[in-house]
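Residue numbers (the working numbering): 13 to 415.
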């Protein structure tokens with residue numbers, strides 16, 4: 013059936029994945045990640061349909077994200093021990109079933125359970141990314157990882173728009189059912205097209221988890237990448253978790269649709285991912301990280317200073333700053349993944365699990381701190397927090413060796 017590739021670059025296909033396989037990896041990452049966000053635009057509708065209190069409905073995205081974090085940490089390492097293709101297929105099956113259960117959920121409690129499983133299984137998105145790295149030649153790794161990350165980021169970006177549109181016309185259950193069909197299609201294509209990977213980490217599960225700490229201690233480049241990306245994630249999340257509240261209040265008095273429109277600026281970061289990957293291949297990932305952190309810090313500074321302008325000027329600066337800081341954060345993420353995937357070919361899934369888990373922790377901290385700072389210091393304070401976090405990420409790599 014399919015050929016077997018090891019995680020070693022020397023035994024990966026000489027030319028890397030073809031266009032069809034690369035598209036599959038990007039689509040698989042995007043649709044898996046999108047599953048995390050289908051519920052967010054329809055919480056009000058499904059809450060009324062299930063006759064659930066608002067506080068309990070609010071737990072749906074929370075348990076989804078908690079499931080995702082747990083899945084990254086506890087299941088991410090499995091693809092280093094077992095055939096990554098089989099790990100992806102198992103997660104896709106679980107994800108399709110969980111989405112169907114969500115579509116048929118008779119109560120809020122059933123939906124909460126299904127949402128937690130969706131979060132765990134959606135970590136398949138992070139298995140597609142190391143698969144691209146394993147199949148790529150070292151000279152093209154950044155570009156191919158960037159292409160797959162474009163799919164992942166576009167999935168996140170478009171999921172909320174798609175969910176809201178489908179729910180408005182056909183109901184929220186239809187969105188979950190359609191998502192299950194899409195994941196099933198990706199699963200079939202993965203089974204038919206994705207090559208098998210021979211696991212290189214001959215450890216039992218407990219030893220595999222213990223090895224995460226060993227990898228953290230052994231590789232300074234991993235520690236720098238994870239900490240710097242977590243700081244960038246802190247600023248990123250502080251911005252997005254407070255934007256709708258800031259736009260709703262003075263001086264803007266805009267509705268949620270305006271915040272959604274700003275969300276389209278995320279497309280700039282997503283579409284820039286392959287370019288960031290190519291730059292990492294040609295000029296070195298550290299240069300891309302430093303550039304991304306600098307752009308982000310400058311964008312947050314501009315948005316903080318923009319609060320001194322009239323409302324029209326503030327909105328213009330806010331729109332431009334959103335494009336720039338999102339581009340900077342996403343470029344740094346691609347470069348950090350390029351660094352991490354180059355550390356140890358036999359541990360790519362574990363290395364990615366460490367990077368993304370700590371990135372997630374930084375984003376969670378940003379949500380909490382952003383809300384606190386907004387209440388006490390206003391929007392300019394949130395931008396100052398995000399700017400300092402980006403400068404912190406820049407400082408982490410200030411004396412890092414290499415380029």
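Glycine included, every Cβ here is placed at the ideal spot set by N, Cα and C.
All values derive from a computational prediction rather than experimental measurement.
Integer-rounded CB distance, given that residue j should sit under 8 Å from residue i
i	j	result
residue 308	residue 402	4 Å
residue 394	residue 254	5 Å
residue 191	residue 111	5 Å
residue 385	residue 347	Contact flag wrong, Cβ pair sits at about 28 Å.
residue 142	residue 364	5 Å
residue 75	residue 184	Contact flag wrong, Cβ pair sits at about 17 Å.
residue 148	residue 156	4 Å
residue 72	residue 127	5 Å
residue 36	residue 205	6 Å
residue 421	residue 359	Summary: the structure shown does not reach residue 421, with the chain confined to residues 13 through 415, and so no result is reported for it.
residue 104	residue 144	With a Cβ gap of about 16 Å, residue 104 and residue 144 do not count as contacting.
Residue i, enclosing beta strand (DSSP E) - first and last residue
i	result
residue 209	208 to 210
Close-in-space but distant-in-sequence residues of the same chain around residue i (CB under 8 Å, 5 per side omitted)
i	result
residue 220	89, 90, 92, 93, 213 and 362
residue 122	113
residue 286	155, 158, 159 and 162
residue 263	323 and 326
residue 261	none
residue 202	36, 40, 97, 100, 101 and 104
residue 84	135, 138, 365, 368, 369 and 372
residue 222	none
residue 381	246, 250 and 397
Start-to-end residues for the alpha helix (DSSP H) that takes in residue i
i	result
residue 80	71 to 87
residue 165	153 to 182
residue 94	Segment: none, residue 94 is in no alpha helix (DSSP H) and carries neither H nor E.
residue 307	297 to 318
residue 142	137 to 147
residue 331	323 to 353
residue 365	360 to 408
residue 131	120 to 133
residue 117	Premise fails: residue 117 is in no alpha helix (DSSP H) and is neither H nor E.
residue 229	217 to 230
Beta-carbon proximity list for residue i, same chain, < 7 Å, skipping 5 on both sides
i	result
residue 163	38, 39, 41 and 42
residue 168	45, 46 and 49
residue 99	90, 91 and 139
residue 355	231, 233, 234 and 363
residue 117	123 and 126
Beta-carbon proximity list for residue i, same chain, < 6 Å, skipping 5 on both sides
i	result
residue 408	236, 239 and 240
residue 16	Residue confidence for residue 16 is low, a pLDDT of 43 falling below 50, so the modelled location carries little weight; the figure read from the coordinates is stated next. Cβ neighbours of residue 16 beyond the five flanking positions: 208 and 210.
residue 22	Summary for residue 22: the model assigns pLDDT 38, below 50, so the residue's position carries little reliability; its value from the coordinates is reported in the next sentence. Result list for residue 22: empty, nothing under 6 Å.
residue 340	304, 307 and 308
residue 297	347, 350 and 351
residue 176	53
residue 396	316
residue 216	none
residue 404	243
residue 20	In this prediction, residue 20 has a pLDDT of 43, which is less than 50 and means its spatial position is unreliable; what the coordinates show is noted afterwards. The residues are 357.
Distance CB(residue i)-CB(residue j) smaller than 7 Å
i	j	result
residue 337	residue 242	no
residue 350	residue 59	no
residue 377	residue 246	yes
residue 424	residue 289	Beyond the ends of the chain as shown, which are 13 and 415, falls residue 424; an answer cannot be given.
residue 330	residue 315	yes
residue 69	residue 55	yes
residue 313	residue 368	no
residue 160	residue 188	no
residue 79	residue 132	yes
residue 53	residue 152	no
residue 195	residue 107	yes
residue 258	residue 391	yes
residue 244	residue 344	yes
residue 224	residue 366	yes
Q | alpha helix (DSSP H) runs contained entirely in the region 28 to 65, provided each spans 4 or more residues | A | 31 to 46 and 55 to 61
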